[in-house]
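In this text, residue positions in the sequence shown follow this note's numbering: the first is 155, and each later residue adds one.
Beta carbons: idealized from backbone N, C-alpha and C, even for Gly.
Owing to the predicted nature of the structure, the values given are computational and were not obtained by experimental measurement.
Worksheet: one structure, shown below.
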Amino acid sequence: MKTFVSIATFLLIHAVLFAQTSPPSSSIRGSVWQEKGIANNTKENGEVALNGILVELRNPDTYDLISSTITDASGNFVLPSYPGNYVISYVYPTQGYTDSIDATQNVTVPASGSVSVPGIGLKPITNTLTYCTGKPTTVTSWTETFQLPKYDATLGKLNTVYMYAMESAYHANINIENTGSADNFKLSVGGSILMDLPAIIGDIELITSVKLSGSLANFDGKVDYAGPSGISYYYKFASSTSEKKYTSTAQKNIFTGSGNLAIPTTVESSTTISGAGNLETVVSTEVGAGVCVTYEYTPLSLPVSLAAFTAKAEGTQAALLQWSTASERNNAFFEVQHSTDGKSFETVARIAGKGTTQVRQEYNFTHNNLNPQTLHYYQLKQIDNDGTFTYSGMRSVQLTDYKGISLQVASNPVVNGEVKVLVDYSDENLQKSTSVQLYSLQGTVIATQQLELMRGRNEIHFPVHGVAPGLYLVSLKNDSLGSAKTFKVIIQR
């Protein structure tokens, strides 16, 4: 996950005479969206696309920026690239979102064509609201008035407001020609974004710069930005971010009310070159901008104060739900809602409420005839006399005979130079995408395998001929599981 700590990112390049860079022949495509329900990093119907998120392609060893972009209104992005291995980094407001997977992803790009990646689903943090908007890279100069929804004070007390701004700049062509005597040169090209906000909260400014330097020979008679006296660069990228935090009542009032907060935004480019000779330049600059606001708040007290809510197995085919309230106001009834995937719920019971009371109340319901081969999820929908309603948190029940996903090592201790891991998969409502790792007690990863589980028994083999004897751990991670499954294994010679 990435936080916003820098106001600008600079790319420094020293040009060697005659050296030129070809345009990228490949691209990477993906999307960013807001998760709904259980985070599974798969975009599903009803999940909102996130516009204005900064996506970066970086060198996995040096973390140098290769390319960057801003997601469009559909949450999609395209990153130009050269063949090779890279890391994709997603930059977003971490006070408002957390990721269902790590916010960096490895990708291998072929010599030509487009590569699709899963992208990333961002999970809203409890008691926050985040809104984002933006504009993908566009030829400068341009202006835009971004609109972000204001905070609805009926939700509760607004504690803190965070604003995040993101910039992606790229220069498809940077051409330099020396039309005089041989000379050194220094060139800086960049983009700037100014978001005009009320004085009490202050403007937001972002700046990027690509800096080039080198030497060019005497003019060769052709203004072609090539040969001894010229040089051309292609697709140079830079990105930047900025964060602001507002806590005073006067500042928060700017963000509170109905309608939207308007953010007039101006985007420009700049080119600065120095050298004793006569230097001509042709520079293409496109800049994309994104902006997000996160409202961190304390919810108003609910008409019904839920003190406890539990769900547990009753044998192999039933679940017992128990809940209690500390107080109730105009409580008409509860709906008990059930799901086998944690996303689509149906009502299986209606339990009458106690109206208005300050005395603790106890409730229970037994759900019978359940399928023992799947996980079961429950939530309560509490409905007031006037029809307004709220939801409880979600609870899950694992019946006595439920296996779902189980992990074991075939032979332990391991003496034949191979760790054979057995994964039994019986509940196809759970995610198939699974990661299995072998690592030391110190946390050093020895080997990792990604697989799509098949119903029944799945086998994973880890060769360990060169691994020192000792105690190791095998870990299975699956987004449907609340935590990793871990198994100890002893490796012997």
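Shown here for Val621: same chain residues with a beta carbon closer than 7 Å to its own, the five before and five after excluded, namely Ile600 and Ile645 in chain order. Taking the CA atoms as reference points, Tyr626 sits about 6 Å from Lys642.
Using a Cβ distance threshold of 8 Å, Pro303 and Asn414 count as a contacting pair. When beta bridges are read from the DSSP output, Ala193 appears opposite no residue.
Counting only runs of at least 4 residues, the region 532 to 566 fully encloses no alpha helix (DSSP H) element at all.
For Ala307, the secondary structure class from DSSP, reduced to helix, strand or coil, is helix.
Contact between Val261 and Ile242 holds: their C-beta atoms lie close to 6 Å from each other, under 8 Å. CA-to-CA, the gap between Asp357 and Asp253 works out to about 29 Å. The three-state reading of DSSP puts Ala404 in helix, counting H, G and I together. DSSP lists Tyr593 as the beta-bridge partner residues of Val599.
Exposure of Leu595 is indicated by the presence of fewer than 16 other C-beta atoms within 10 angstroms of its C-beta. When DSSP states are grouped into helix, strand and coil, Glu582 belongs to the coil group.
One thing to note: Phe487 has its Cβ no nearer than 8 Å to the Cβ of Leu534. Judged by pairs of C-beta atoms under 8 Å, the region 359 to 367 does not touch the region 286 to 295, as fewer than three such pairs exist. Residue burial is scored here from C-beta neighbours: Glu331 has at least 16 other C-beta atoms within 10 angstroms and is therefore classed as buried. DSSP lists Ser587 as the bridge partner or partners of Glu606. Counting the other CB atoms within 10 Å of its CB gives Gln603 a total below 16, which places it among the exposed residues.
For Arg504, the uninterrupted beta strand (DSSP E) segment begins and ends at Glu500 to Thr511. Excluding the 5 residues flanking it on each side, Met349 has same chain C-beta neighbours closer than 7 Å at Ala319, Asp357, Ile358, Ile417, Thr419 and Val445, in chain order. One alpha carbon belongs to Thr479, the other to Gly267, and they sit about 59 Å apart.
For Asp253, the pairing in a beta bridge is given by DSSP as Leu276.
The C-beta separation of Gly344 from Ala265 comes to about 31 Å, leaving the pair out of contact by the 8 Å criterion. Between the region 368 to 385 and the region 461 to 475 there are fewer than three C-beta pairs closer than 8 Å, too few to call the two in contact.
Counting only the Cα atoms, Asn194 lies some 12 Å from Lys631.
By the neighbour-count criterion, in which 16 or more other beta carbons inside 10 Å mark a residue as buried, Gly597 falls on the exposed side.
Distances from the CA of Asn525 to each of Gln536, Val577, Asn583 and Thr544 were compared; the closest alpha carbon is that of Asn583. Counting the other Cβ atoms within 10 Å of the Cβ of Lys406 gives 16 or more, which makes it buried.
Ranked by Cα distance from Gly541, the first of Val209, Ile505 and Asn485 is Asn485. Thr362 and Ser589 have their C-alpha atoms roughly 38 Å apart.
Comparing alpha carbon positions, the residue from Asn612, Gly442 and Arg504 closest to Thr223 is Gly442.
With fewer than 16 neighbouring CB atoms inside 10 Å of its own CB, Met608 falls in the exposed class. Rounded to the nearest angstrom, the gap between the Cα atoms of Asn522 and Val315 is 46 Å.
In this structure, Val569 is the residue among Thr494, Val569, Val577 and Gly381 with its C-alpha nearest to the C-alpha of Gly624. Note on Gln562: under 16 other CB atoms within 10 angstroms of its CB, so exposed under the neighbour-count rule. Tyr579 sits close to Gly610, with the two beta carbons spaced by under 8 Å.
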